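K.L.:
The numbering of the sequence shown is the working numbering, which starts it at 21 and goes up by one. Where is the CB? At the ideal position from N, CA and C, for every residue including glycine. Here the structure is a predicted model, which is why all the values come from computation and not from measurement.
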Amino acid sequence: MKLLSSSTKRSVAAALILSAAAFGATAAAQLRAPRGAASAPAPAASQPAGASAEDAAANAQKAAGGALAAAGWLVLLDRRDWGRAWETSSGVFRSTVPLATWMDGIPKVREPLGKLVERSQAEAVYKTTLQGRPDGEYASVIFDCKFENKQVQEIVTTVREPDGKWRVTGYSTR
């Protein structure tokens, strides 16, 4: 394995954080209510206008499946099992974020937070489109988290892959 200089490592880490921040902004934009919308609590899953109760239930179930996969994946991050988290992420994630980049960058994002104290799901939204991604089935999930050193929101976006399994395709904190 080729060793990277410290300046190269900093550049790679910065690129990972910037790409995660850009993806997080995209995911957050997908979760926000349109301007002028009432500020009521967010539903568990986003529903198109005129959606039937059956469609709403199906979409809520899909959002719940994506949220369950996201929560399980976060346990790997909590355990500092960076490699396993990368291995179990979506094909798009693995092709976009090389393993070496992930292994160098994710500890720099997570370690300053300290150990997890508490995490609760704040919102899960099911979508069939996500900016910058091909059409598919996505669930963007926001978790309110309290760590030893900081409180953050973790945004995890999952995609349902062709084998029917939900896998993480994006992660960021804010």
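Quick one: is Val161 buried, meaning 16 or more other Cβ sit within 10 Å of its Cβ, or exposed?
P.N.:
Stepping through the sequence shown from its first residue, residue 161 is reached at position 141. Buried.
K.L.:
If you draw a straight line from the C-alpha of Pro182 to the C-alpha of Trp93, how long is it?
P.N.:
Position 162 of the sequence shown, counted from the start, is the residue given in the question as residue 182. Position 73 of the sequence shown, counted from the start, is the residue given in the question as residue 93. Rounded to the nearest angstrom, the two C-alpha atoms are 19 Å apart.
K.L.:
Express the C-alpha separation of Leu96 and Ala80 in angstroms, rounding to a whole number.
P.N.:
In the sequence shown, residue 80 corresponds to position 60, counting from 1. In the sequence shown, residue 96 corresponds to position 76, counting from 1. The straight-line gap from Cα to Cα measures roughly 25 Å.
K.L.:
Less than 8 Å between the C-beta atoms of Ser109 and Val172, yes or no?
P.N.:
The residue you call residue 109 lines up with position 89 of the sequence shown. The residue you call residue 172 lines up with position 152 of the sequence shown. Their beta carbons are not under 8 Å apart, which means Ser109 does not touch Val172 by this criterion.
K.L.:
Can you give the Cα-Cα distance for Asn169 and Gly152, rounded to whole angstroms?
P.N.:
Along the sequence shown, one-based indexing puts residue 169 at 149. Along the sequence shown, one-based indexing puts residue 152 at 132. Going by the C-alpha atoms only, they are around 33 Å apart.
K.L.:
Below 6 Å CB to CB, which residues in the same chain sit around Thr149 once its five sequence neighbours on both sides are set aside?
P.N.:
Walking along the sequence shown from the start, residue 149 turns up at place 129. Once the five neighbours on either side are set aside, the close Cβ partners of Thr149 are Asp155.
K.L.:
Looking at the structure shown, is Gly92 part of a helix, part of a strand, or coil, going by DSSP?
P.N.:
For the purposes of this step, residue 92 is identified with residue 72 of the sequence shown, where counting begins at 1. Of the three classes helix, strand and coil, the one that applies to Gly92 here is helix, per DSSP.
K.L.:
Between Thr193 and the rest of its own chain, which residues show a CB-CB distance below 6 Å, the 5 nearest in sequence each way excluded?
P.N.:
Within the sequence shown, numbered from 1, the residue matching residue 193 stands at position 173. Here the set comprises Val172, Glu174.
K.L.:
My parser needs the beta strand (DSSP E) runs of 3 or more residues fully inside the region 163-191; what are they?
P.N.:
Counting only runs of 3 or more, we get 171-180.
K.L.:
Should Val117 be listed as close to the ligand FMN, given that the test is whether its C-beta is under 7 Å from any heavy atom?
P.N.:
In the structure shown, the ligand FMN is absent, as is every other ligand, since no ligand is present at all.
K.L.:
Please state whether DSSP places Ser25 in a helix, a strand or coil.
P.N.:
As a working mapping, residue 25 is identified with position 5 in the sequence shown. Its pLDDT being 42, under 50, Ser25 is placed unreliably by the model, and the measurement read from it follows with that caveat. DSSP places Ser25 in coil when its eight states are reduced to three.
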